[in-house]
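Residue numbers (my numbering): -12 to 84.
Note that the Cβ used here is the ideal one computed from N, Cα and C, for glycine as well.
Have a look at the structure below, then the notes.
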């Protein structure tokens, strides 16, 4: 997992700032109607996609994502992905009176 994903033509690693500049250029050049388009939003979207596609292995996926994101606690990852709010809303929706 030490291989680099974003390398320049010179073989050097792009900084986060440079990646965000490139993403902004892509957004403008392709007239993308996306509110949040950055390295952070891509990271968060990746995590959410992994979680959503984990099925019965959701808790295992959270542990692995927590490690991948270098979070000190799975609760941080859960909050980062917005799961707590979603779970609360599902609980409210399941109530019957």
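Residue from the options with nearest C-alpha to residue i
i: residue 7; options: 56, 51, 30, 46; result: 30
i: residue 52; options: 39, 66, 34; result: 34
i: residue 25; options: 42, 67, 44, 5; result: 5
Residue(s) in a DSSP beta bridge with residue i
i: residue -6; result: 0
Local conformation of residue i per DSSP, three classes
i: residue 114; result: Outside the modelled stretch of the chain, which goes from -12 to 84, sits residue 114, for which no answer is possible.
i: residue 57; result: coil
i: residue 23; result: coil
Cβ-based neighbour list, residue i, same chain, cut-off 8 Å, excluding 5 preceding and 5 following
i: residue 1; result: -7, -6, -5, 9
i: residue 38; result: 45, 48, 49, 52, 68, 70
Cut-off 7 Å between Cβ atoms - residues of its own chain near residue i, not counting five sequence neighbours on either side
i: residue 81; result: none
i: residue 50; result: 61
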